[in-house]
Structures are given as C-alpha cells and as structure tokens.
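Below: the structure, in structure tokens.
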Amino acid sequence: MDHHDLSLISTVAAGFGLALIFGFLAERMKLPALVGYLLAGILIGPSTPGFVADTHMASQLSEIGVMLLMFGVGLHFSFADLLSVRKIALPGAVVQMGLATLLGIGLGMAVWGWPFGQALVFGLCLSCASTVVLLKALESRDATDTMNGRIAIGWLVVEDLVTVLVLVLLPPLAGMLGGNSHGAEASSPGVLALTVGRTLLGVGAFIALMLLAGRKVLPWILWQVSKTGSRELFTLAVIAAAISIAWGASELFNVSFALGAFFAG
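So the sequence shown is residues 8 to 272, counted in our numbering.
In structure tokens, the structure reads:
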C-alpha cells in the first residue's frame, strides 16, 4: 500500500482525530465546529500535501453521515409540515436556483470566457445549497422545529428534487451544450420528454410508497424489534432502515440518498 493512501481504519481515525482538533479550535475561536470539520477534510484531501485519504471511501462514509442526518430530520418532520410551507419553499427554491444559475452562467461566460454548456453546469452547482451545512446550522440553534427551520428544510427538499431532474437531463443534453453525447437522438425532444417522465414517475412512486406503505410497514417492523427489549437491536434496525431505504431509493427510483433517507424518516 502506498504511504500516501490510508486504509479504512486509518481514514476514520485520521478524519475523527483531525475533526476533533479543528472542531475544538473552531469552537474556541467562537466559530461553528463545522468550520473545523471542513478544514480537517481539506487537510486529508487530495488538494493538500501529506497523507491523502481514499477519496472514494471518504465519499461513501460522508454519504452515510448525510443519510443518518436526513433520517433524523425526517423523524421530526411530517408530510403536513412540508405542505404547510409549500407556498414559500416551492417558489422560493425555484427562483433562488434560477437566479444562482443565471449568475453562474454570466460569470462563466463574461469573466472566464467559458462556453454556454460549461457555464450552465457551473451555475447549477452554485444553485445547490449544502444540506449538511444548513441542517447542522439549524440544529445548533435549535431551529429545526421552528417555522423558519421548516421552510428551510422544505426548501432543501425542493432543491433535491430539482437536482435529481437536472442530473438526469444533463447526459442527454450534453450534445446540445457542447459536450459529448451518445448520439444526436439523445437530445431529441422525444427522448428528453421520456427521460423527464421516467424521472418524475420514479420520484412520485417513491414518495407515494413511503407515505402509504412505509408509514405502516416500517413502524410495524420497528415495533416488533422494540418488543425484544434490546436497545442494540432497535438501534441497528433504525440504522439499517435509514441506509437501506436511501440506497433503494437511489437504485430503484433515481432519488438522491439524502432525499431517500429524509422520506424514510
């Protein structure tokens, strides 16, 4: 093994250790601990000298963390809460993503001279908020159950849904945007309409499955496990439910891990 690579145990040990150190320093400097966590990740990342963590492994570990975080948020967030903020979260998220995308396109084309396709992707990246950063900020202020917190979480859900649609549409649109496509037919109106239809159908099917079957089946399973009296089994069942449902949502319905875990909660 190359000395610049870290194994799973070394990656976890280095990540937790540096996160503790930098998180502690950030708190002493009156900054959120999350700032220290980000610096710790940068330090063992490929962009800095010294030891470099396995980026693929670290990415998967971070996905697990996001799943559990979103699952926990979903436990305290009902479908009625989502509907109560839809008039603000839905148009707000769409307008915000649109303005950020236009800003990115303008910067990319006017300042750096990028072609439209690259500038569009850059703008779309700017339009997406960080789920982890926002949720940690809300939790640190005990604001997840407030009206503003519910609006922010609903905003994130809308952004995740739009992001899923964008990621599905980018490959067939690559030819029109100046990238590499799998042929001229990939960006035809019929193919695009079919792609959008499949994506919306998959997302709708997953949400319906969670709201109808999930609200009865999953609580029943957890109730059966809780009757054993074992806290370890119950904790294991909750973690297994969060990760497996998020993974199944991604594989079967093309839904992001974070969104799948949220609706599972």
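Here a beta-carbon is modelled for each residue, glycine too, at the ideal position from N, C-alpha and C.
In this text, all values refer to a predicted model and were calculated from it rather than measured experimentally.
Item	Value
Out of Gly-24, Asn-261, Leu-76, point me to the one whose CA is closest to Leu-207's CA.	Asn-261
Assign Phe-123 to buried or exposed, taking buried as 16 or more other Cβ atoms, counted over all protein chains shown, within 10 Å of its Cβ.	exposed
Counting along the chain, where does the alpha helix (DSSP H) carrying Lys-143 start and finish?	138-147
Work out the CA separation of Ser-85 and Leu-218 for me, nearest whole Å.	10 Å
Given a cut-off of 8 Å, decide if Met-64 and Thr-1 are closer than it, judged by their beta-carbon atoms.	Since the first residue of the chain shown is 8 and the last is 272, residue 1 is not available in this structure.
Could you tell me the boundaries of the alpha helix (DSSP H) in which Met-116 lies?	93-117
Counting C-beta neighbours from all protein chains within 10 Å, is the total for Ala-265 16 or more, i.e. buried, or is it exposed?	buried
So what's Met-36 in DSSP terms, helix, strand or just coil?	coil
Any Cβ of chain C within less than 8 Å of the Cβ of Leu-172?	Of the protein chains in the structure, only one exists, and it is not chain C.
Please report how far the alpha carbon of Ala-117 lies from the alpha carbon of Gly-111, in whole angstroms.	10 Å
Less than 8 Å between the beta carbons of Arg-93 and Gly-161, yes or no?	yes
Which residues in the same chain have their Cβ closer than 6 Å to the Cβ of Met-77, if we skip the five residues on either side of it in sequence?	Ala-265, Ala-268, Phe-269
Give the DSSP-derived three-state secondary structure of Pro-53 in the structure shown.	coil
By Cβ distance below 6 Å, which residues in the same chain neighbour Val-42 in space, the five residues on each side in sequence not counted?	Ala-33
Contact between the region 129-149 and the region 166-173: three or more CB pairs below 8 Å?	yes
Run the CB neighbour count on Thr-108, radius 10 Å, all protein chains shown included, and call it buried at 16 or more, exposed below.	buried
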